Each structure stands twice: as C-alpha cells, then as structure tokens.
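Colleague:
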Amino acid sequence: MNIRKTIALVAHDNRKSDLVEWVQYNWKRLQGHRLVCTGTTGKLVSQAFAAKSQATGDVIPEILRMKSGPLGGDQQLGAMIAEGKVDIMVFLWDPMEPQPHDVDVRALERIAVLYNIPYASNRATADFLISSELFLADYHPVRKDYEEYIHRSIQHLGR
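Just so you know, we're using the UniProt record's numbering here: the sequence shown kicks off at 1 and counts up by one.
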C-alpha cells in the first residue's frame, strides 16, 4: 500500500545541484507525496519536476515552499516537524562551508532527532530512505514521551 508522506527537502547552496539530481533520479518514487522545501531549493525542485512532467506527462507533486533557510525557513520546517506534519527530511548540508544561519540549521537537525523522524543528511542515506520498504508503508516512528520533562520542577537560581 502506497501511503502519502510529507517529505521536507532542504539543501545548502553548494549541495542544491546534488538534491536536484537526487529528485530527478527519484522523481517517480516522489510522485504522490507532498514535498516541503525551503526557498530556493523549492524553486529548483519545482523546476526539476516541471521538466520531467513536460517530458512524460506525469503529474507534478504538491510542493509547498517555505521561506529561505536564513530568512526563517528552517524554523518553519522545525515547527512543522514539532506539529507532526513532516514524515521524512532530506537535508543535504554543506560540511565545507560555514553558514551564516548555522544555529538555525542545528536547531532543525535537533528537532528532527527529537521527534524521531527519518532524516538524511547525505545522498547515500537519502537513497536508503527512499528505497526502504517502509517508505511506502504506513510507518509511525516511536516518539519519546517528554511528559516528565515538561512537568519537571524548576528551581529558582540565585535566590
């Protein structure tokens, strides 16, 4: 059974071409799913699907574009993950280039891990995710229960 998933696609500037190549290679597998992308990445992914659609006549998947990462797109995606609205994230980040919004990037990675969603930070892992039998299944990752943390006792410091 093919279950529709919401897949976040993000890439730093030096990795955008890698993500576009990955999307073009996996475009059939991505059809029928909802894609959520940050700014320019979303534009490039949309263009890649438009070119494939024009050549094949296939339907372009729904692509929701957030703001650019440095302009708040990373936080928008993080909020969607926290609300349970993202099933998988592929974030091809550039380990060789310092990012002006590195704090935002780390926060997005942290929230993906916190909410235990499948997360690929490189193309090999993205290939494993999309080719897994769980990709097409109604898979629900185990969520850690943070109730104890939420209701912890807070001690006032310095009093």
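Cβ coordinates follow ideal geometry from the N, Cα and C atoms, glycine included. Quantities reported herein were computed from a predicted structural model and do not represent experimental measurements.
So, for Glu-97: in the same chain, excluding its five sequence neighbours on each side, which residues have a beta-carbon less than 6 Å away from its beta-carbon?
Modeller: Same-chain partners within the cutoff: Asn-14.
Colleague: From the DSSP output, in three-state form, read off Val-36 for me.
Modeller: Three-state result, Val-36: strand.
Colleague: CA-CA distance, Asp-58 and Ala-51?
Modeller: If I take the Cα positions, the gap works out to 10 Å.
Colleague: Going by DSSP, what residue range makes up the beta strand (DSSP E) through Met-89?
Modeller: Per DSSP, Met-89 belongs to the beta strand (DSSP E) from 88-92.
Colleague: Going by C-alpha distance, which of Ser-53, Arg-152, Gly-69, Glu-83 is nearest Gly-42?
Modeller: It is Gly-69.
Colleague: Can you find the residues in the same chain that come closer than 7 Å, C-beta to C-beta, to Thr-56, ignoring five residues on each side of it along the sequence?
Modeller: Around Thr-56: no qualifying Cβ.
Colleague: For Met-1, which residues from the same chain have a beta carbon less than 6 Å from its beta carbon, with the 5 sequence-adjacent residues on both sides left out?
Modeller: With a pLDDT of only 48 at Met-1, under 50, the local geometry of the prediction cannot be trusted, and no value is derived from it.
Colleague: Does the pairing of the region 94-112 with the region 141-158 give three or more beta-carbon distances under 8 Å?
Modeller: The region 94-112 vs the region 141-158: no contact.
Colleague: Measuring straight from C-alpha to C-alpha, what distance separates Leu-19 and Leu-71?
Modeller: One C-alpha to the other measures close to 20 Å.
Colleague: Tell me whether Met-1 sits in a helix, a strand or coil according to DSSP, three-state version.
Modeller: Because the pLDDT at Met-1 is just 48, under 50, the model does not fix this residue reliably, and the value given afterwards should be weighed accordingly. Met-1 falls in the coil class under three-state DSSP.
Colleague: Only counting the same chain, and skipping five residues up and downstream in sequence, which positions put a Cβ closer than 6 Å to that of Pro-118?
Modeller: Excluding positions up to five away in sequence, the list reads Ile-88, Leu-129.
Colleague: Which of the three DSSP states is assigned to Ala-82 in this structure?
Modeller: Helix.
Colleague: Let me know the secondary structure DSSP gives Ala-48 once reduced to three states.
Modeller: Of the three classes helix, strand and coil, the one that applies to Ala-48 here is helix, per DSSP.
Colleague: When DSSP labels each residue in this structure, what does Ile-60 get in the three-state scheme?
Modeller: Reduced to three states, the DSSP call for Ile-60 is coil.
Colleague: With respect to the alpha helix (DSSP H) encompassing Ile-154, which residues constitute its N-terminal and C-terminal limits?
Modeller: No alpha helix (DSSP H) holds Ile-154; DSSP gives it neither H nor E.
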